[in-house]
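K.L.:
Pasting in a structure now, in structure tokens, and then I'll have a few things to ask.
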Amino acid sequence: MPLDCSQPEGYKAKMIEQLRPSTREEREKWIQQADYNLFNLHGDQVYIDLLTDSGTGAMSHYQWAALMRGDEAYAGSTSFHHLKEKVQELFGFSYIVPVHQGRAAEHALAQALLNEESVVPGNTHFNTTRAHIEYRQATAIDCAIEGAFQIEYQHPFKGNVNLLKLEEVLQSYSGNVPMIIVTITCNMSGGQPVSMHNLRQLREIAKRFNVPVIINSARFAENAWFIQEREPGYGSWTISDIVREMYHNADGMIISGKKDGLVNVGGLFATNNRDLFNKVRKYILLCEGYQTNGGLTGRDMEAFAVGLNEVTQQKYLDDRISQVYRFGKMLIDANIPVQQPIGGHAIVIDASAFLPHVSQEEYVAQTLAVELYVEAGIRGAEMGALLSGRDPITGNNRPVATEFLRLAIPRRTYTNDQLAFVANALRRIHDRRLTITRGLYIVHEDVNLGHLTIQMIRAEEKTVAV
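First residue of the sequence shown: 1374, per my numbering; consecutive thereafter.
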């Protein structure tokens, strides 16, 4: 059913951060100095920052109070036990080890389970997950459903795993699949959810092949909200009950607390499998810290525990999803091509449809990201050829289904008026879109996660240089 967007934000500001406006001339200079890589911009050079929703949200006053309760004991911190109790209650896992962020849990899991013969299927692996898999010389295989990246295809659960393809992978690589990773919501398709039915069927297939299921859980609460809203039979369930049911279909989880943990730092790995826990814990002890802190302070674990409670509250999620939906509706009304249905944490724009005269070889999504920054000081994130990276064997760009520009909405941070400002900037670019005919050219690129450190020039500068 349509979201009720008539209500204002369900929170008020207790502290503010001044935003610095800038001129177009300043922004043109800054983006050139940043090598046309938006990750290289300084924070005070950005007016509205939609690069990521990871660790960029605002904590509640209850979380700030929890910081003062932090127990900084190196071993056996009471703050760790508060976090552990919350994870056990919410997800049903007994063995828990914290880490400084989700990427560290990915790293430990990959180190523990993968080798050069390993194959890891999933719905659509995010780039950090894929990078950790490939760093171990293993193979990541995406099993997205048909239409997952077709922006006008109206499927309520575009993040679902293609179960037929998954079963084919498990049969073809029998004995070499150490785990299945399901990402909820699916970041690469724009925060698209995975249904409970899909999780149950996936679990049954995995059991037949004796392969553990790991849920990459950064936006688990948003996924639960979509199940409540869209999947028959769950409309009367609480968010917490839906979450518990989701994780009945998993053998373990990794999570970045910087998303649906509502904190600025932190993550964890959890499971009920003692052997799996011991394998992963070994690498966390080596690289992160002791098993009851994982490199986190006690105060951050306290705030994380409170965040896991707040994120499952119905009012919070209603406000969160409706803000993203309202922003997406502004863009749809302006005929801007966005992924539909609107996802949970971000709006993703089909950059190829937006800028039809810029070739994919000139990185059209990054080109649109640069245009948006120069136009209004707004920072988004490319989710196309740059993010997907190069095939480790051929060295060529991986083929991508769509060149997306992602605008990720930090939690409890920006007002609807500020998002309307972003929508108006995109309208102005859309009005002159046919005049934008050239993109960008790479002059330096690292091998792993190269989009973070890439150096580029405008394509016309390359032409002049030649």
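Quick reminder that beta carbons are idealized off the backbone N, C-alpha and C, glycines included.
Cβ of Q1712 within 9 Å of Cβ of I1524?
P.N.:
To locate residue 1712, count along the sequence shown from 1; it is residue 339. To locate residue 1524, count along the sequence shown from 1; it is residue 151. Against a cut-off of 9 Å, the Cβ pair of I1524 and Q1712 comes out as a contact.
K.L.:
How many Å lie between D1819 and V1555 at the Cα?
P.N.:
Along the sequence shown, one-based indexing puts residue 1819 at 446. Along the sequence shown, one-based indexing puts residue 1555 at 182. Each residue's alpha carbon lies about 27 Å from the other.
K.L.:
How would you label L1334, buried or exposed, when you count the other beta carbons within 10 angstroms and need 16 or more for buried?
P.N.:
With the chain running from 1374 to 1839 in the structure shown, residue 1334 is simply not present.
K.L.:
From the DSSP output, in three-state form, read off R1393 for me.
P.N.:
Stepping through the sequence shown from its first residue, residue 1393 is reached at position 20. Correct three-state label for R1393: coil.
K.L.:
So, under 8 Å CB-CB, Y1736 and G1757 are touching, yes? Tell me the CB distance rounded to an integer number of Å.
P.N.:
In the sequence shown, the residue the question calls residue 1736 occupies position 363. In the sequence shown, the residue the question calls residue 1757 occupies position 384. Sure, about 7 Å apart at Cβ, within 8 Å.
K.L.:
From which residue to which residue does the beta strand (DSSP E) around F1777 run?
P.N.:
Counting from 1 along the sequence shown, the entry for residue 1777 is found at position 404. Looking at the DSSP string, the run of the beta strand (DSSP E) that includes F1777 is F1777 to A1781.
K.L.:
How big is the Cα-Cα spacing for S1590 and G1640?
P.N.:
As a first step, residue 1590 is located in the sequence shown; it is residue number 217 there, counting from the start. As a first step, residue 1640 is located in the sequence shown; it is residue number 267 there, counting from the start. In a straight line, the C-alpha of S1590 is about 10 Å away from that of G1640.
K.L.:
Applying the 10 Å Cβ sphere with the 16-neighbour rule, what's the burial state of M1388?
P.N.:
For the purposes of this step, residue 1388 is identified with residue 15 of the sequence shown, where counting begins at 1. The residue is exposed, with fewer than 16 neighbouring Cβ atoms inside 10 Å.
K.L.:
Is it buried or exposed for E1458, if we count other Cβ within 10 angstroms and need 16 for buried?
P.N.:
Here the question's residue 1458 lines up with position 85 in the sequence shown. Flag for E1458 reads exposed.
K.L.:
So what's F1642 in DSSP terms, helix, strand or just coil?
P.N.:
Translated into the one-based positions of the sequence shown, residue 1642 becomes position 269. If DSSP states are grouped into helix, strand and coil, F1642 belongs with the strands.
K.L.:
Using 10 angstroms around the beta-carbon of Q1687, count the other beta-carbons present and answer buried if the total reaches 16, otherwise exposed.
P.N.:
Counted from its first residue, the sequence shown places residue 1687 at position 314. Counting Cβ neighbours within 10 Å, Q1687 comes out exposed, since fewer than 16 surround it.
K.L.:
Within the segment 1650–1692, note down every full alpha helix (DSSP H) run reaching 4 residues or more, in order along the chain.
P.N.:
If we require 4 residues or more, the alpha helix (DSSP H) runs fully inside the segment 1650–1692 come out as 1671–1683.
K.L.:
Enumerate in chain order the residues of its own chain whose CB-to-CB distance from N1413 is below 6 Å, with the five nearest sequence positions on each side excluded.
P.N.:
In the sequence shown, counting from the first residue as 1, residue 1413 sits at position 40. Answer for N1413: A1407, listed in chain order.
K.L.:
If I follow the unbroken beta strand (DSSP E) through L1813, where does it start and stop?
P.N.:
Position 440 of the sequence shown, counting from 1, holds the residue named residue 1813. From DSSP, the beta strand (DSSP E) with L1813 extends over L1813 to H1817.
K.L.:
Using the Cα positions of Y1787 and M1552, report the straight-line distance between them to the nearest angstrom.
P.N.:
Taking the sequence shown and counting its residues from 1, the one referred to as residue 1787 is at position 414. Taking the sequence shown and counting its residues from 1, the one referred to as residue 1552 is at position 179. Each residue's alpha carbon lies about 38 Å from the other.
K.L.:
By Cβ distance below 6 Å, which residues in the same chain neighbour Q1380 in space, the five residues on each side in sequence not counted?
P.N.:
Position 7 of the sequence shown, counted from the start, is the residue given in the question as residue 1380. Around Q1380: no qualifying Cβ.
K.L.:
Evaluate L1807 with the Cβ neighbour count: other Cβ atoms within 10 Å of its Cβ, from every protein chain shown; 16 or more gives buried, anything less gives exposed.
P.N.:
Here the question's residue 1807 lines up with position 434 in the sequence shown. Exposed: under 16 other Cβ atoms inside 10 Å.
K.L.:
Please give me, in chain order, every unbroken run of the alpha helix (DSSP H) with length at least 4 that falls completely inside the segment 1712–1763.
P.N.:
Counting whole runs of 4 or more residues, the segment 1712–1763 contains the alpha helix (DSSP H) stretches 1724–1727, 1737–1749 and 1758–1761.
K.L.:
In terms of alpha-carbon separation, which member of Q1828, A1781, G1701 and A1438 lies closest to R1800?
P.N.:
Along the sequence shown, read from residue 1 onward, the residue named residue 1800 stands at position 427. Among Q1828, A1781, G1701 and A1438, the Cα nearest to that of R1800 belongs to G1701.
K.L.:
Examine the Cβ distances between the segment 1620–1637 and the segment 1420–1440 and report whether three or more of them are shorter than 8 Å.
P.N.:
Counting Cβ pairs under 8 Å, three or more are found: they touch.
K.L.:
Name the one or two DSSP bridge partners that T1556 has.
P.N.:
For the purposes of this step, residue 1556 is taken as the residue at position 183 of the sequence shown. In DSSP, T1556 forms a bridge with N1589.
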